[in-house]
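Per the numbering used here, the very first residue in the sequence shown carries number 135; after that it's consecutive.
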Amino acid sequence: MEDNKRRDDSSDRRPEENGEGGGLPRFNFMWVFILIGLGLLVLQVTKFSGKPENASWTDIEKWAKKGQIDRFIVVNPKEAYVYIKPDSLTVGDHATRVKSPKKTMFNADQPNYVMNIGSVEVASSKVDKINEAIIKEKKQQPIEMKIEDRINWTAVMINFGLPILIFIGLWIFILRRMGGGAGGPGGQIFNIGKSKATLFDNNSKVNITFADVAGLDEAKEEVMEVVDFLKNPKKYTVLGGKIPKGVLLVGPPGTGKTLLAKAVAGEANAPFFSISGSDFVEMFVGVGASRVRDLFRQAREKAPCIIFIDEIDAIGRARGRGAVQGGNDERENTLNQLLVEMDGFPTDKGVILMAATNRPDILDQALLRPGRFDRQIGIDRPDLKGRAQIFKVHMKNIKVSPEVTAETLSEMTPGFVGADIANVCNEAALIAARREKTAVDLDDFNYALDKVIGGLEKKNKIISPEEKQIIAYHEAGHAICGWFLEHAHPLVKVTIVPRGLAALGYAQYLPKEQYITRKEKLLDDMCMTLGGRAAESVVFDKISTGAQSDLDHITRLAYDMIVNYGLSDKVGNVSYYSMLNDSFNRPFSEQTAFIIDTEVKNMIENEYVRAKKLLKEKRKELDALAKALLEKEVLHRADLEVIVGKRPFSDPTPGESGHVPEVGTPSSDEAA
Ligand code: ADP
Ligand code: ZN
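Set out below in C-alpha cells:
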C-alpha cells in the first residue's frame, strides 16, 4: 500500500550535531574525575599504611631521658607529632615501631610518632613535668613543646575533596539524565549552553514548497519578499532596501505556521533552523541566553538562512509581569539576549528570524519594535474554501475513491485547522488499509472524522449545527450594528470560523498610541460590541456564554470612560488613571465607587437596549446576513453591501479604535 503512506514531514527531520564536526570521539571529561578519585583513594591507602604509631607519655618520658626526641610539635588541640633524632631511629624500639616515612606531596614532613594529647594544657603540664625530671638529672636537654598550625592535606582532600567529587559526579549524572534526548550520551554537560535547534541544510534539505501549503494566500504573498531576499540578497542590499528582520506568524495552533516557515526555507533553498521557544528555558541560570547566542552564531555561519522559533511566547512574554513571584529572571535574560542578538546583526547578513505564536497580546513590546519582529502575519483558521484546498494537498498523497471530493469533506469539517485535516486524511488512509480497500472512500473518511472530532470535542473546538446558527446570528449582530451605527467602525470581514482565544488582529486593531476619541464613538463601539449578545436575545430570546470576551471588553471600556477619561456626567471631569496605578488604595470614596459602578451598569444597559432596538428594526438584514454566513462562513465588505445595502454613513477615520474583532467564540468561550 505504497500510496497510502502519507508523507510525514517530520521524517525529514534529521537532527545534526549542532554543526560541529561530530565525527571525532569527544574527549570524555568523566574520565578526569574518575582518575582524580582513584588518585585520592591510592593516597588514602598509602597514608594508612605509613601512618605513624601512637606514642604514650611513658614513651615520651623514656625517649626524652635518653635525648632521642628531636621535636615535639602540637599540631592541633588534640594531637602532637613526635620527631625522633635521625641517628636514634635505628636503636631501641624505634627500629621496629617507626615505619619508614613515605614522602608525598601531601605529607612531606611525616612525624615518627603521633600522640593523643587530650588537650594543649594537659600536654604542656606533662611536658613540664618530664622536663623538670630531665633538668634534675642534668644529662639531656629538656624537650621543647612547639605549637604549630598544620594543615593535613591528605585529610583535607579526603574530607572535602571526596564529597565535592561525589557531588560533581552526581551532578553530571543528573544533568545527563535530564539532558537526554538529542546529542547522545557523554559530554552532555558541556553542551548545555548549546542551542537545541534542528538544522535543515544541504544535507537534510527542506523539501517543502509553497505548493504544500494550501490556502494562506495573503500570508504567502507577504513572505514571498523574504524568499526573494534569501534567494538573491545582493539585489536588495545594492538598492539599500529594508528587509524585515523578523516575521511573526500569528495564529492558532495547527494552522500551518511551521509549515509556512519551512516552505519559505524550501523555496529559497536556504538552511532552516527550527527551535521551540520552550527549548531555551531550562532550570539552569544563563542557559537560555547562551543557547540564543549559540543559535545566532551558528546561523551567522550558515547565512543566508532562516531561524524559526515556534511558541515564541515561551520566552517573549512581556517582562516584569508577575515579577512578584520572581523566578522569571532566566526567561528575561533569554529574552534580553534575543533582543540583543536581533539588534546585533545587520539585515544584509541574511539571517531572517521567523517566529510563531498564538498569543501576540502577551508578547513583550520590545520584541515587536521596528528592526525586530516588525512584520506580523496573521494566519487564521481556514474557511470553507481554505479547508478544501488543504484537503486537496493532503489527498494528493493517498488514493481516494472518486466519490470523495475535497469540497464535501470541507463542508463536514467546520472549525478544523490544517493539522486536523492532515490528521483526518491520515486516519482515513489507515482505516481503509485496515479494511483492505484499494481506495479510501467516504465511509473511511466518515469514520476518521468521527474519531478526530471525538478527540477535538474534548478540546472544545468543534461546533455543532445549533451552535453554528447561534454564532452566525451573534456575528451578524455585530456586523449589522457596525453597519448602521454612524460612529462605529464597520467590520471589514465577518466570519463564523472559530478563532482561538485572543486570536490575531488584536494588536492591529487596538492602536497603542491613543488617538483622541469622541464619546459617541466609544458608545457606538460599545453598542456594536453588545450587538452579538443582543442578536442572540432578539432572535432566540436566549443568551449564551458566547459573549464573554465582548462583555469583558466593554466592561473595561466603560470603566475606562468613566474613571480615566472623565466621560460621565455623574462622576464628573475626573481621571483617576495615575492615582489608580500608583497606589494600592482606591483614590476615591466608597460613595464615588458606588456611583461609578452604577454609571457603568447604566451605560452598558443603555447600549444593550439600543443594540436590541436597532437589530429589531433591521431584522430582515440580520436574517439575511446570518443565512449568508451559514452558507459561506466568511463575508467581506463587498458581500455585506450586496446583502444589506450600502452603508448609510461614510466610514469613521481609520486609526480610531474600532470594535475589537471577535476574540473567542461561543465554543471556545464555553471552555472558559
Ligand atoms: P502550527 O505551526 O501553526 O502549529 P504546523 O505548521 O505545525 O502548525 O501544521 C501541522 C501540520 O498540519 C502540517 O505539518 C501540515 O501537515 C498540516 N497543515 C497545516 N496547515 C496546512 C496548510 N495550510 N496546508 C497544508 N497542510 C497544512
Ligand atoms: Zn461577539
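Ideal placement from N, C-alpha and C gives every residue a C-beta, glycine not left out.
Among the options, which residue has its Cα nearest to the Cα of residue i?
i	options	result
D413	P405, E570, V426 and F406	V426
K280	I268, D346, L299 and E213	E213
A758	I614, S712, D578 and T332	I614
F406	W197, V372 and V485	V485
H228	Y215, P211 and N246	N246
K752	Y607, L304, P599 and W305	Y607
E378	I218, A522 and V357	Before going further, note that residue 378 is Pro rather than Glu in the sequence given. Per the Cα distances, V357.
F442	E271, E561 and A490	A490
Q202	I409, K273 and G450	K273
A610	L763, K185, V776 and E739	L763
L543	Y581, I513, E195 and G512	Y581
I342	N492, V673, K396 and E352	K396
E464	G450, E475 and D477	G450
E755	Y742, R744, D773 and E741	D773
A257	I268, I269 and I277	I277
D659	V628, L691 and G680	L691
D675	A437, I604, F783 and D517	I604
P782	S702, K750 and H621	H621
Given 8 Å as the limit, tell me if residue i has its C-beta closer than that to any heavy atom belonging to ligand 1.
i	result
D444	yes
P297	no
V340	no
T389	yes
L350	yes
L487	no
Is any heavy atom in ligand 2 found nearer than 8 Å to the beta carbon of residue i?
i	result
R465	no
H623	no
T689	no
A681	yes
T332	no
T833	In this structure the chain extends from 135 to 806, so residue 833 is not present and cannot be described.
Let's see if you can read the secondary structure: which residues bound the beta strand (DSSP E) around residue i?
i	result
T629	K627 to T629
G512	R509 to G512
S408	F406 to S410
G400	Looking at the DSSP string, G400 is not in any beta strand (DSSP E); the run it does join, the alpha helix (DSSP H), is K391 to A402.
H770	V768 to H770
G380	G380 to V384
V485	V485 to T491
I90	Shown here, the chain extends from 135 to 806; a query on residue 90 therefore has no answer.
D444	C439 to D444
K280	M279 to I281
With DSSP run on the structure shown, which of helix, strand or coil describes residue i?
i	result
F206	strand
N246	coil
R451	strand
Y217	strand
G616	helix
M546	coil
M358	helix
P788	Because the pLDDT at P788 is just 46, under 50, the model does not fix this residue reliably, and the value given afterwards should be weighed accordingly. Correct three-state label for P788: coil.
V474	helix
I532	coil
A622	coil
V225	coil
A189	strand
D351	helix
L701	coil
I677	coil
F414	coil
D773	helix
V574	strand
E647	For E647, the pLDDT reaches just 38, beneath the cut-off of 50, and the residue's location in the model is therefore unreliable, leaving the point undetermined.
T332	strand
Between which two residues does the alpha helix (DSSP H) holding residue i run?
i	result
F430	V421 to K436
K260	V254 to E271
I688	Q682 to Y693
D517	D517 -> no alpha helix (DSSP H), and no H or E assigned at all.
I565	G552 to R568
If you measure from the CB of residue i, is any heavy atom of ligand 3 nearer than 8 Å?
i	result
H608	As for ligand 3, it is missing from this structure, which binds only ligand 1 and ligand 2.
Does the region 525-535 come within contact of the region 495-504, defined as at least 3 CB pairs closer than 8 Å?
-> The region 525-535 is not in contact with the region 495-504.
Specify whether the region 533-540 and the region 572-579 touch according to this definition: at least 3 beta carbon pairs, one from each stretch, less than 8 Å apart.
-> Three or more Cβ pairs closer than 8 Å define a contact, and the region 533-540 meets that threshold against the region 572-579.
The region 547-566 touching the region 720-728, judged by at least three CB pairs closer than 8 Å = No, because fewer than three Cβ pairs between the region 547-566 and the region 720-728 fall closer than 8 Å, the two stretches do not touch.
Any contact of the region 254-272 with the region 215-229, i.e. 3+ C-beta pairs under 8 Å?
-> In short, these stretches do not touch, since the Cβ pair count stays below three.
Three CB pairs or more closer than 8 Å across the region 610-625 and the region 666-677 | These segments touch.
Stretch-stretch touch, CB-based, cutoff 8 Å, three pairs: the region 385-393 with the region 552-560 | A contact exists between the region 385-393 and the region 552-560.
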